[in-house]
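Trainee: Once you've had a glance at the structure underneath, I'll fire off some questions.
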Amino acid sequence: MPLTREQLLERAYQTKSSLRSCTLCERRCGVDRLAGQPAPCGLGAETHCFKRHLSYAEELDLIPSYMVYFAGCNFRCAFCVQAPTCFDPIRGERVDPEALAAECGRQVDQGATTINLLGGEPSLHLHTILELAAAAPRPLPLILNSNFYMTPEVLDLLDGAVGIYLADFKFGNDTCADRIAGVDRYVEVVTRNLLHAARQRAGGARLMVRHLLMPGHLECCFKPVAAWMAEHLPDVPFNVMEGYVPAWRAAEGRRNPELTRTLDAGDRAAAREVLVRLQVSARKEICA
Ligand code: SF4
Ligand code: SF4
Numbered sequence: 052m053p054l055t056r057e058q059l060l061e062r063a064y065q066t067k068s069s070l071r072s073c074t075l076c077e078r079r080c081g082v083d084r085l086a087g088q089p090a091p092c093g094l095g096a097e098t099h100c101f102k103r104h105l106s107y108a109e110e111l112d113l114i115p116s117y118m119v120y121f122a123g124c125n126f127r128c129a130f131c132v133q134a135p136t137c138f139d140p141i142r143g144e145r146v147d148p149e150a151l152a153a154e155c156g157r158q159v160d161q162g163a164t165t166i167n168l169l170g171g172e173p174s175l176h177l178h179t180i181l182e183l184a185a186a187a188p189r190p191l192p193l194i195l196n197s198n199f200y201m202t203p204e205v206l207d208l209l210d211g212a213v214g215i216y217l218a219d220f221k222f223g224n225d226t227c228a229d230r231i232a233g234v235d236r237y238v239e240v241v242t243r244n245l246l247h248a249a250r251q252r253a254g255g256a257r258l259m260v261r262h263l264l265m266p267g268h269l270e271c272c273f274k275p276v277a278a279w280m281a282e283h284l285p286d287v288p289f290n291v292m293e294g295y296v297p298a299w300r301a302a303e304g305r306r307n308p309e310l311t312r313t314l315d316a317g318d319r320a321a322a323r324e325v326l327v328r329l330q331v332s333a334r335k336e337i338c339a
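Numbers 52 to 339, taken from the numbering used here, label the letters of the sequence shown in order.
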């Protein structure tokens, strides 16, 4: 059941208060974001939006999708195509939830089938997302397009507020996650959250999972991710993306020399073989 405006505002208020000692993501740093204390994600209490546009480069059942990019991220993926812009927490205009809800409503009226909240990392702006949902005169078809490194409480507060979780499952082990994105306990946190989201039935949210194939990471990342999906979430749509480009620090190749190239035909064929062997019906679409 979608939440009422009052329930959404209550959750937004509760979330905003919690920023006094923030644990929205599994860094659980306890920083006072309301007082502007320096946080690993760089965020305070405000949300800024650095880009918005209509996209046709998402999964077929999500397009046309209106993309809303919130500034700030708790990861530092070496290949991030939005970096370094997305790391600046005050890049772009400050979000006014009422105005953004009206704009998203107009996009839906003009044909957008989904509103795709991404970044940076949108779950770090939970309070703004809840305010956005509350400000909409009729429910917006919101997607949380996320690295899925939030705490479980965030998923509980989102239940009933967003329609789709579009979750990245990027790394198949903690060593690669730490070396490439600077995060720890990655596999434990993301798999826990995927199972948590899959169990959320009350709010009617759908779960979709994406994995970006990375050169040199078939064995260590793609295989374990695909095997985990086959074993634990066989009915959840799993999209294997082949559009890797060596953006940002990946191009320099200092810490991750294997990431300086694009995928070749051999990488793609090997990935397909894995999927066939695991009997995973992954979709391969061109997604950014
Ligand atoms: S979102 Fe994460 S990194 Fe940012 S202040 Fe909260 S716990 Fe810390
Ligand atoms: S999680 Fe997404 S936005 Fe954040 S650094 Fe990684 S690729 Fe970039």
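The C-beta atom is built at its ideal place from N, Cα and C for all residues, glycine as well.
Which of the three DSSP states is assigned to L105 in this structure?
Mentor: Strand.
Trainee: Please report the distance separating the alpha-carbon of T164 from that of I194.
Mentor: Each residue's Cα considered, the two are about 10 Å apart.
Trainee: Tell me whether R78, by its Cβ, gets closer than 7 Å to a heavy atom of ligand 2.
Mentor: Every heavy atom of ligand 2 is 7 Å or more from the Cβ of R78, so no.
Trainee: Does the segment 254 to 272 come within contact of the segment 312 to 322, defined as at least 3 CB pairs closer than 8 Å?
Mentor: Cβ pair count under 8 Å is three or more, so yes.
Trainee: Could you check whether the Cβ of V241 sits closer than 7 Å to any heavy atom belonging to ligand 1?
Mentor: Not under cutoff, so the answer is no.
Trainee: Have a look at V276, E204, D160, G304 and flag the residue whose alpha-carbon is nearest the alpha-carbon of V291.
Mentor: That would be V276, whose Cα lies nearest to the Cα of V291.
Trainee: Take the Cβ of L111 as the centre, count every other Cβ of all protein chains shown within 10 Å, and call the residue buried at 16 or more, exposed below.
Mentor: Classification for L111: exposed.
Trainee: Taking only the alpha-carbon atoms, compute the straight-line gap between L264 and F273 and give it to the nearest angstrom.
Mentor: The alpha-carbon atoms of L264 and F273 are separated by roughly 7 Å.
Trainee: Looking only at C-alpha atoms, which of E293, G81, R300 sits nearest to C128?
Mentor: The shortest Cα separation from C128 among E293, G81, R300 belongs to R300.
Trainee: What residues in its chain sit with their C-beta under 7 Å from that of A63, if we drop five residues either side in the sequence?
Mentor: Excluding positions up to five away in sequence, the list reads H178, L181, E182, A185.
Trainee: Tell me whether G317 is buried or exposed, calling it buried when 16 or more other Cβ atoms sit within 10 Å of its Cβ.
Mentor: G317 comes out exposed.
Trainee: Going by beta carbon distance, what residues of the same chain come within less than 6 Å of I215, once the five residues before and after it are set aside?
Mentor: Counting only Cβ-Cβ distances below 6 Å, and skipping sequence neighbours, we find I194, R257.
Trainee: Look at the alpha carbon of V331 and the alpha carbon of W279, and state the distance between them as a whole number of angstroms.
Mentor: Cα-Cα distance, rounded: 10 Å.
Trainee: Identify whether T66 lies in helix, strand or coil by the three-state DSSP scheme.
Mentor: In the structure shown, T66 sits in a helix (DSSP, three-state: H, G or I).
Trainee: On the DSSP letters alone, give me the boundaries of the alpha helix (DSSP H) that A150 sits inside.
Mentor: First-last of the alpha helix (DSSP H) with A150: 148 to 160.
Trainee: To the nearest angstrom, how far is it from the Cα of A90 to the Cα of K67?
Mentor: Taking the straight line joining both Cα atoms gives about 16 Å.
Trainee: Are V234 and F126 closer than 8 Å when you measure CB to CB?
Mentor: Closer than 8 Å, so yes.
Trainee: Return the chain-ordered list of same chain residues with a C-beta closer than 8 Å to the C-beta of M52, the five sequence neighbours on each side being excluded.
Mentor: Counting only Cβ-Cβ distances below 8 Å, and skipping sequence neighbours, we find G211, A253, G254, G255.
Trainee: For S174, tell me which candidate among T202, G304, R142, H283 has the shortest Cα-Cα distance.
Mentor: It is T202.
Trainee: Identify whether H262 lies in helix, strand or coil by the three-state DSSP scheme.
Mentor: Correct three-state label for H262: strand.
Trainee: Can you tell me the Cβ-Cβ gap for C100 and Y120, rounded? I've got them flagged as a contact below 8 Å.
Mentor: Their Cβ separation, rounded to whole angstroms, is 6 Å, which keeps C100 and Y120 in contact under 8 Å.
Trainee: Among the candidates V213, D207, V82, whose CA atom is the shortest distance from the CA of L246?
Mentor: Nearest C-alpha to L246: D207.
Trainee: Is F126 a contact residue of ligand 2, with contact defined as CB to any heavy atom under 7 Å?
Mentor: Yes, since a heavy atom of ligand 2 falls inside the 7 Å radius drawn around the Cβ of F126.
Trainee: Comparing alpha-carbon positions, which option in V287, G304, L94 lies nearest A218?
Mentor: The shortest Cα separation from A218 among V287, G304, L94 belongs to V287.
Trainee: Going along the chain, which unbroken runs of the alpha helix (DSSP H) with 4 or more residues stay wholly within the segment 232 to 288?
Mentor: Here the runs fully enclosed are 237 to 250, 274 to 283.
Trainee: Please determine whether the Cβ atom of P91 lies at a distance below 7 Å from any heavy atom of ligand 1.
Mentor: Result yes, Cβ under 7 Å from ligand 1.
Trainee: Taking DSSP as the reference, what is the three-state secondary structure of A184?
Mentor: Helix, per DSSP.
Trainee: What residues match up with T165 in a beta bridge as DSSP calls it?
Mentor: Per DSSP, S116.
Trainee: On the criterion of 16 or more Cβ atoms from any shown chain inside 10 Å, does A150 qualify as buried, or is it exposed?
Mentor: Burial call: exposed.
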